[in-house]
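S.K.: Chains as they are written, first to last, in this note's numbering: chain A, 179 to 381; chain B, 179 to 381.
Please find one structure pasted underneath; my questions will follow.
2 protein chains.
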Amino acid sequence: MDGKPYHHGDLRSALFVAAEAELTDRGIESFSLRSVAKRAGVSHAAPAHHFGDTNGLLTALASEGFTRFQETLDAREVGATDARDRAVRAGFGYLEFAMARPTLFRLIFSSVRPDFASPDLIAAANRAYDHLVGLVTALGGHEADVIALWATSHGIADLAAGQRMRTLQGKSPAEREAMLRTVLLRCLPDQDPEFSKIPARSL
Amino acid sequence: MDGKPYHHGDLRSALFVAAEAELTDRGIESFSLRSVAKRAGVSHAAPAHHFGDTNGLLTALASEGFTRFQETLDAREVGATDARDRAVRAGFGYLEFAMARPTLFRLIFSSVRPDFASPDLIAAANRAYDHLVGLVTALGGHEADVIALWATSHGIADLAAGQRMRTLQGKSPAEREAMLRTVLLRCLPDQDPEFSKIPARSL
DNA sequence: GCCTGATCTGGTCACTGTCAAGATTAAATT
DNA sequence: AATTTAATCTTGACAGTGACCAGATCAGGC
């Protein structure tokens with residue numbers, strides 16, 4: 179009956195949830211701090227105390243986004259038969275994340291608004307990058323192979339997130355992944371017998 | 179001495195030029211119609227008569243952007259020794275454009291603001307896509323090969339445009355392209371003797 | 001019980017996109 | 001040539017935005 183208490187109690191989390199919803203509803207380019215505040219049921223200036231300015235909130239969202247991104251890849255990698263299969267599955271996860279959360283994908287990989295000097299964001303991004311390097315190292319690959327795997331996975335995922343590749347839209351998830359598999363296998367370094375028997379492990 | 183005439187004469191072009199400058203200066207996410215008008219020296223509502231709303235202007239910019247994009251690829255392809263070399267050079271052009279005009283690149287490939295139902299924009303985008311298909315067809319490739327070449331070129335270009343791939347930033351243009359060459363050659367379909375001797379032609 | 005500091009509100013300012021009404025001028029019509 | 005028509009451009013308004021500030025509220029330490 180008391181309406182609302184003056185202090186929310188856990189406004190930071192509430193704002194974070196509201197911000198994620200706003201981001202998926204309206205996209206980055208019309209993301210609004212005031213809308214987030216309204217959604218969370220607080221005054222328009224409340225978010226400033228927890229995230230600084232708008233970019234601060236987007237930076238926090240981006241850190242979380244990188245973590246979610248990596249979780250999606252991890253989930254897809256379980257059950258991989260070898261290092262090669264694991265890298266391909268990671269590519270599936272990349273594409274899955276981009277299609278399931280296109281705006282979050284954009285925030286992470288395309289937006290200039292998150293502050294990429296933020297330690298949290300740097301750490302989250304580095305975790306994902308190190309994981310990628312681990313995948314390629316387990317295949318006996320090197321720098322060029324990292325670039326090849328990353329670029330191809332990212333390219334498909336980005337084009338899919340932006341719905342720019344019509345060829346991909348007409349396909350079922352299974353067809354998409356079959357296509358992606360052939361493309362990715364071509365990108366990976368040649369099978370090195372010394373590595374092919376080692377089970378895939380995270381770096 | 180007459181100050182400015184009431185009618186600009188060629189305001190549409192002037193706004194277009196100003197809009198391009200504003201886009202590169204401030205990026206898509208803080209692109210402002212009023213700023214464009216100010217830059218062109220007209221009132222804040224003048225652009226509406228030529229481009230409708232803000233998205234209309236961005237749509238026009240995107241059409242032009244696709245054309246410029248294709249021109250960059252074309253310029254790089256001259257002097258190619260064979261179809262294979264030509265596809266690789268197109269990839270160089272892709273990356274070059276992304277690094278030289280990152281915001282225009284983003285407008286074309288990542289933004290939701292241009293109206294992709296616009297006939298002009300569709301036509302410009304299709305021209306670029308058809309050209310890509312032509313490159314792959316000249317190699318004897320098919321759908322999966324189109325996806326492979328596009329995804330890899332796009333992936334590197336997009337990551338470079340967003341400065342997300344640190345490995346790439348430390349390199350000279352020559353080093354970057356050497357790296358890209360090895361990656362792209364791996365993506366292309368196996369050399370088909372029937373096609374390898376046919377000089378590269380546009381579709 | 002009081003005080004300090006964190007949390008949250010409400011107000012304000014400059015800026016934004018869009019709309020409507022009017023001023024100016026070019027082009028078409030008669 | 002005179003007049004009507006239509007396009008161009010300006011001015012003013014409104015709601016929404018991010019950022020800033022002063023003040024209200026309240027939790028926890030003293």
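Cβ atoms here follow ideal geometry from the backbone N, Cα and C, with glycine treated the same way.
Take Lys349 of chain B and list the residues in its own chain whose beta-carbon comes closer than 8 angstroms to its own, dropping the five residues that flank it on each side.
M.R.: By one-based count along the second sequence, residue 349 of chain B stands at place 171. Once the five neighbours on either side are set aside, the close Cβ partners of Lys349 of chain B are Met357.
S.K.: What does Val361 of chain B touch in chain A if you count any residue whose Cβ is under 8 angstroms from its own?
M.R.: Here the question's residue 361 of chain B lines up with position 183 in the second sequence. Ala322, Ile325, Ala326, Ala329, Cys365, listed in chain order.
S.K.: Within the same chain, show all residues whose beta-carbon is closer than 7 angstroms to that of Met179 of chain B, passing over the 5 residues directly before and after it, in chain order.
M.R.: The sequence position of residue 179 of chain B within the second sequence is 1, counting from 1. Here the model assigns Met179 of chain B a pLDDT of 42, short of 50, so the residue's position is not dependable and the matter cannot be decided.
S.K.: Looking at C-alpha atoms only, which residue of A:Ala268, A:Asp263, A:Asp260, A:Ala240 is the closest neighbour of Asp252 of chain A?
M.R.: The residue you call residue 252 of chain A lines up with position 74 of the first sequence. Of the candidates A:Ala268, A:Asp263, A:Asp260, A:Ala240, the one whose C-alpha sits nearest the C-alpha of Asp252 of chain A is A:Ala268.
S.K.: Report yes if the CB atom of Gly318 of chain B is closer than 8 angstroms to the CB atom of Phe287 of chain A, and no otherwise.
M.R.: Here the question's residue 318 of chain B lines up with position 140 in the second sequence. Here the question's residue 287 of chain A lines up with position 109 in the first sequence. Not closer than 8 angstroms, so no.
S.K.: How many angstroms separate the CA atom of Arg354 of chain B from the CA atom of Leu201 of chain B?
M.R.: As a first step, residue 354 of chain B must be located in the second sequence, where it is residue number 176. As a first step, residue 201 of chain B must be located in the second sequence, where it is residue number 23. Near 26 angstroms, if we compare the C-alpha coordinates of Leu201 of chain B and Arg354 of chain B.
S.K.: At the 8 angstroms Cβ level, is Ser241 of chain B part of the contact set with chain A, yes or no?
M.R.: Here residue 241 of chain B is taken as the residue at index 63 of the second sequence, counted from 1. Ser241 of chain B does not count as touching chain A.
S.K.: Helix or strand or just coil, what does DSSP make of Val220 of chain B?
M.R.: Against the second sequence, residue 220 of chain B aligns to sequence position 42. Coil at Val220 of chain B, not helix or strand.
S.K.: Counting only Cβ-Cβ distances shorter than 9 angstroms, please list the residues of the region 244-258 of chain B near chain A, keeping chain order.
M.R.: Listed by position, the residues of the region 244-258 of chain B near chain A (Cβ gap below 9 angstroms) amount to none.
S.K.: With 8 angstroms as the threshold, decide whether the Cβ of Glu198 of chain A is near any Cβ in chain B.
M.R.: Counted from its first residue, the first sequence places residue 198 of chain A at position 20. Chain B contact via Cβ: absent.
S.K.: Three Cβ pairs or more, each shorter than 8 angstroms: is that satisfied between the region 275-282 of chain A and the region 221-229 of chain A?
M.R.: Verdict: no, contact absent.
S.K.: Check distances from the C-beta atoms of the region 207-223 of chain A to those of chain B and list, in chain order, the residues that come in under 8 angstroms.
M.R.: Those residues of the region 207-223 of chain A that come within reach of chain B (Cβ to Cβ, closer than 8 angstroms) are Glu207.
S.K.: Is there a Cβ of chain B sitting closer than 8 angstroms to that of Thr315 of chain A, yes or no?
M.R.: Counting from one through the first sequence, the residue named residue 315 of chain A turns up at place 137. Judged by the 8 angstroms Cβ criterion, Thr315 of chain A is not in contact with chain B.
S.K.: By alpha-carbon positions, which one of A:Val361, A:His309, A:Ser241 ends up nearest to Asp298 of chain A?
M.R.: By 1-based counting over the first sequence, the position of residue 298 of chain A is 120. Asp298 of chain A has its Cα closest to that of A:Ser241, out of A:Val361, A:His309, A:Ser241.
S.K.: Give the single residue among B:Arg212, B:Ser296, B:Phe294, B:Gly312 whose Cα lies nearest to the Cα of Glu255 of chain B.
M.R.: On the second sequence, position 77 is the one that residue 255 of chain B refers to. Among B:Arg212, B:Ser296, B:Phe294, B:Gly312, the Cα nearest to that of Glu255 of chain B belongs to B:Gly312.
S.K.: Looking at Thr302 of chain A: is its Cβ nearer than 8 angstroms to the Cβ of Phe244 of chain A?
M.R.: Here residue 302 of chain A corresponds to residue number 124 of the first sequence, with the count starting at 1. Here residue 244 of chain A corresponds to residue number 66 of the first sequence, with the count starting at 1. Note on identity: in this sequence residue 302 of chain A is Ala, with Thr being the wrong assignment. For Ala302 of chain A and Phe244 of chain A, yes; Cβs fall inside 8 angstroms.
S.K.: For Arg291 of chain A, which residues in the same chain have their Cβ closer than 6 angstroms to its Cβ, ignoring the five residues on either side in sequence?
M.R.: Along the first sequence, read from residue 1 onward, the residue named residue 291 of chain A stands at position 113. Hits under 6 angstroms: Asn233, Leu236.
S.K.: Between Cys365 of chain A and Ala261 of chain A, what straight-line distance do the alpha-carbon atoms span, to the nearest angstrom?
M.R.: By one-based count along the first sequence, residue 365 of chain A stands at place 187. By one-based count along the first sequence, residue 261 of chain A stands at place 83. Cys365 of chain A and Ala261 of chain A: Cα-Cα distance of roughly 14 angstroms.
S.K.: My parser needs the alpha helix (DSSP H) runs of 4 or more residues fully inside the region 316-345 of chain B; what are they?
M.R.: For the region 316-345 of chain B, whole alpha helix (DSSP H) runs of length 4 or above, ordered along the chain, are 321-339.
S.K.: Given that a residue counts as buried once 16 or more other Cβ atoms are within 10 Å of its Cβ, and exposed if not, what is Leu363 of chain B?
M.R.: Mapped onto the second sequence, residue 363 of chain B falls at position 185. The residue in question, Leu363 of chain B, is exposed, as its Cβ has fewer than 16 Cβ neighbours within 10 Å.
S.K.: To the nearest whole angstrom, what separates the beta carbons of Leu189 of chain A and Val220 of chain A, a pair I think is in contact under 8 angstroms?
M.R.: As a first step, residue 189 of chain A must be located in the first sequence, where it is residue number 11. As a first step, residue 220 of chain A must be located in the first sequence, where it is residue number 42. So it is a contact: roughly 6 angstroms between Cβ atoms.
S.K.: What's the call for Arg344 of chain A, buried or exposed, on a 16-neighbour Cβ count within 10 Å?
M.R.: Here residue 344 of chain A refers to the residue found at position 166 of the first sequence. With fewer than 16 Cβ atoms within 10 Å of its Cβ, Arg344 of chain A is classed as exposed.
S.K.: Given a threshold of 16 other Cβ atoms within 10 Å of its Cβ, counted over all protein chains shown, does Arg264 of chain B qualify as buried or as exposed?
M.R.: As a working note, residue 264 of chain B is residue 86 in the second sequence. Buried, since its Cβ has 16 or more Cβ neighbours within 10 Å.
S.K.: Kindly indicate which residue of A:Val324, A:Pro367, A:Ala352 has the alpha-carbon position closest to the one of Leu346 of chain B.
M.R.: On the second sequence, position 168 is the one that residue 346 of chain B refers to. Among A:Val324, A:Pro367, A:Ala352, the Cα nearest to that of Leu346 of chain B belongs to A:Val324.
S.K.: 8 angstroms is my cut-off, CB to CB: does Thr345 of chain A come that close to chain B?
M.R.: Translated into positions along the first sequence, residue 345 of chain A becomes position 167. Answer yes: the Cβ-Cβ gap between Thr345 of chain A and chain B drops below 8 angstroms somewhere.
S.K.: Taking Phe194 of chain A as the reference, which of A:Val314, A:Leu211, A:Pro183 has the closest Cα?
M.R.: As a first step, residue 194 of chain A is located in the first sequence; it is residue number 16 there, counting from the start. Of A:Val314, A:Leu211, A:Pro183, the residue nearest in Cα terms is A:Leu211.
S.K.: If I follow the unbroken alpha helix (DSSP H) through Asp401 of chain B, where does it start and stop?
M.R.: Because chain B here runs from 179 to 381, residue 401 of chain B falls outside it and cannot be looked at.
S.K.: At the level of alpha carbons, what is the spacing between Leu337 of chain B and His185 of chain A?
M.R.: Taking the second sequence and counting its residues from 1, the one referred to as residue 337 of chain B is at position 159. Taking the first sequence and counting its residues from 1, the one referred to as residue 185 of chain A is at position 7. Approximately 42 angstroms, taken between the alpha carbons.
S.K.: Can you give the Cα-Cα distance for Ala329 of chain B and Ala223 of chain B, rounded to whole angstroms?
M.R.: Here residue 329 of chain B refers to the residue found at position 151 when the second sequence is read from its first residue. Here residue 223 of chain B refers to the residue found at position 45 when the second sequence is read from its first residue. Cα-Cα distance, rounded: 40 angstroms.
S.K.: Using DSSP with H/G/I as helix, E/B as strand and the rest coil, what is His185 of chain A?
M.R.: Taking the first sequence and counting its residues from 1, one reaches residue 185 of chain A at position 7. In this structure, His185 of chain A counts as coil in the three-state DSSP scheme.
S.K.: Against chain B, does Ile334 of chain A count as a neighbour if the rule is that its beta carbon must be under 8 angstroms from one of theirs?
M.R.: One-based indexing of the first sequence puts residue 334 of chain A at position 156. Yes, Ile334 of chain A lies at the interface with chain B (some Cβ there is under 8 angstroms from its Cβ).
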